[in-house]
Structure formats: structure tokens, C-alpha cells
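For reference, the structure is listed below as C-alpha cells.
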Amino acid sequence: MDIDDRDVRLLKAIAELETGSPERLHDATGIPVSTIHYRLNNLREEGIIENDRYEIDLEELGLGVTVLIQVHADYQGSYEEFADRLLTVEGVTNVYFTMGETDFIVIARLSDSGMVERLIAEFEQIEGVDRTDSTFVISAIEERDALQSYSLETLLEELVDE
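Per full-length UniProt numbering: the sequence shown = residues 1 to 162.
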């Protein structure tokens with residue numbers, strides 16, 4: 001499937017609005033509702049939209065390169081403010097403040113090695129970033145929601161106050 005600008009605008013709106021409602025997507029994009037229905041069906045058939053929760057398969061979309069970046073930093077201010085600066089780099093999906101030699105772990109989803117090079121160059125421009133160590137993910141063995149990693153019994157025991 002060739003993705004065009006309307007498909008990208010729809011997928012971006014789905015991600016931002018967290019809905020697949022054609023009416024809400026129309027309001028956000030200006031794309032006619034009938035066209036939205038047609039394109040959503042095509043995106044489902046191509047495997048880009050995975051399910052009724054409108055989860056997007058980033059690999060199918062073309063953002064199949066996952067990079068884990070360890071950020072070593074010497075920054076002023078709070079770690080939250082510094083993390084916000086890391087989040088301004090396009091492609092960054094997660095930022096974790098960590099203990100130990102590494103200050104932050106960043107996860108990014110990118111399309112190719114050129115985007116990785118751009119991402120690292122942007123990190124180097126952020127005041128307070130001393131250095132980065134990057135790891136390419138060769139293959140995602142399992143990606144699941146947190147609740148999927150627990151048994152029902154454990155969740156009940158840990159989360160329900162009796």
C-alpha cells in the first residue's frame with residue numbers, strides 16, 4: 001500500500017485523539033467522512049491499523065527501526081524539565097529517568113539509519129547532554145501492555161484494597 005498525505009494525517013489524528021471516530025477525525029483533518037471510512041478500511045486490510053482500538057503497527061507503517069539510547073547528562077534544573085527537552089526530538093516515544101551510570105533511557109521509533117543519525121545529532125545539540133550510547137533493536141521478541149504480563153490473581157492481590 002502506498003501511504004499518502006491523507007493517510008498520514010488520519011494516522012496522526014488517530015494517535016493524537018486516541019479515537020477512530022470518523023466524525024472526530026473529519027473535524028481534526030477536514031477529510032470527508034466517507035473518505036475516512038474508505039481509508040480506515042484500507043489501512044486495516046494492509047495491517048497498519050491492527051485492531052478496533054486503532055493501534056498502529058509502526059513496522060507496517062514504515063517506522064520499523066527501534067533505537068534504545070542511553071543519555072549521560074549534566075544538566076541544570078529538574079530531571080522532568082530535562083526529560084521534556086529530550087521529548088522534543090522527533091521520533092522519541094519514551095523517556096525514563098534512571099539510576100546508575102546512565103541518567104536517562106530514551107526509546108525512539110524511526111524509519112531508517114538516516115533518521116537515527118539526525119536523532120543523535122539533535123541530542124548532541126541539547127544543552128546538558130554529555131554523551132549518548134545507542135543500541136539498535138534487531139527484533140522485538142514481545143511487546144505487550146503491562147497488564148498482559150500479570151496473572152489476574154496477581155493483579156487482584158496487588159491492586160485491590162480489601
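Virtual Cβ for every residue (Gly too), placed ideally from N, Cα, C.
For residue i, the nearest candidate out of the options (CA to CA)
i           : options             : result
residue 65  : 80, 91 and 3        : 91
residue 35  : 58, 12, 6 and 95    : 6
residue 138 : 147, 113 and 156    : 113
residue 94  : 88, 100 and 107     : 107
residue 23  : 86, 37 and 162      : 37
residue 145 : 26, 25 and 55       : 55
residue 110 : 10, 62 and 81       : 62
residue 52  : 27, 26 and 19       : 19
residue 4   : 27, 31, 21 and 162  : 31
residue 100 : 75, 70, 117 and 151 : 70
Same chain, Cβ closer than 6 Å to residue i, five either side skipped, listed in chain order
i           : result
residue 123 : 129 and 132
residue 40  : none
residue 141 : none
residue 126 : 85
residue 75  : 82 and 128
residue 78  : none
Integer Cβ distance of residue i from residue j, believed to fall under 8 Å
i           : j           : result
residue 49  : residue 43  : 5 Å
residue 72  : residue 102 : 6 Å
residue 135 : residue 87  : Between residue 87 and residue 135 the Cβ distance is about 19 Å, and since that is not below 8 Å, they are no contact.
Contact set for residue i: own chain, Cβ-Cβ below 7 Å, skip 5 residues either direction
i          : result
residue 98 : 104 and 105
Near the ligand NAP: residue i beta-carbon under 7 Å from a heavy atom
i          : result
residue 83 : No copy of the ligand NAP occurs in the structure displayed, which carries no ligand at all.
Beta-carbon proximity list for residue i, same chain, < 8 Å, skipping 5 on both sides
i          : result
residue 83 : 95, 97 and 104
residue 15 : 56
residue 9  : 29 and 31
Environment of residue i [buried if 16+ CB atoms lie within 10 Å]
i           : result
residue 121 : exposed
residue 89  : buried
residue 156 : exposed
residue 11  : buried
residue 13  : buried
residue 119 : buried
residue 25  : buried
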